[in-house]
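Data block below; observations after.
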Amino acid sequence: MASTVNWTAIDNDPRFQALHKKKTTFLWSLMAISTVYYFLLPIGAAYFPELFKIKVWGPMNVGILFALSEFVVAWTIAAVYARRANSQFDAMAAEIVRDSNLIK
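Read the sequence shown against numbering that gives the first Met the number 0 and you will find it ends at 103, with the numbers running on by one and no gaps.
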């Protein structure tokens with residue numbers, strides 16, 4: 000016997016709405032952080048070129064290190080999201096899925 004899921008009822012479920020709000024707020028926060036950090040490179044290069052030209056080690060300067068740090072920031076943001084999804088969002092979603100047949 001195939002069970003049908005009432006998607007409208009799930010969408011109206013307060014637990015689903017809480018999950019959606021929590022996840023959306025968190026994702027917008029991460030996106031804002033990553034966008035600001037991303038644009039710091041061209042802004043810094045345009046307005047503070049002398050800072051970005053400072054040699055750190057051999058041919059490496061502050062600008063190159065800052066550009067490379069963007070990879071570190073991107074991976075860190077991905078790790079932060081994965082940790083939060085695994086610890087909170089997945090548990091909330093699993094509870095909704097477990098009760099999906101009972102939600103009317």
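For every residue, glycine included, the Cβ atom is placed at its ideal position computed from N, Cα and C.
CB contact check: residue i to chain B, cutoff 7 Å
{"i": "Ala84", "result": "Among the protein chains of the structure shown there is no chain B, as only one such chain exists."}
Three-way DSSP call (helix, strand, coil) for residue i in this model
{"i": "Met0", "result": "Unreliable placement is indicated for Met0, whose pLDDT of 43 sits below 50; the coordinate value is still reported in the next sentence. In the structure shown, Met0 sits in coil (DSSP, three-state: anything other than H, G, I, E or B)."}
{"i": "Ser33", "result": "helix"}
{"i": "Ile76", "result": "helix"}
{"i": "Leu101", "result": "coil"}
According to DSSP, residues forming a beta bridge with residue i
{"i": "Trp56", "result": "Met59"}
N- and C-terminal bounds of the alpha helix (DSSP H) containing residue i
{"i": "Ala11", "result": "For clarity, residue 11 is Asn in the given sequence; the question names Ala instead. Residues Trp6 to Asn11."}
{"i": "Phe88", "result": "Unbroken run through Phe88: none, as it is neither H nor E."}
{"i": "Leu50", "result": "Pro48 to Phe51"}
Residue i and residue j closer than 7 Å at C-beta
{"i": "Ile63", "j": "Leu29", "result": "no"}
{"i": "Tyr36", "j": "Val72", "result": "yes"}
{"i": "Phe65", "j": "Leu40", "result": "yes"}
{"i": "Phe51", "j": "Ala45", "result": "no"}
Using 8 Å as the threshold, is the region 12-20 in touch with the region 79-94, meaning 3 or more CB pairs across them?
Under the 8 Å Cβ criterion, the region 12-20 counts as touching the region 79-94, having at least three qualifying pairs.
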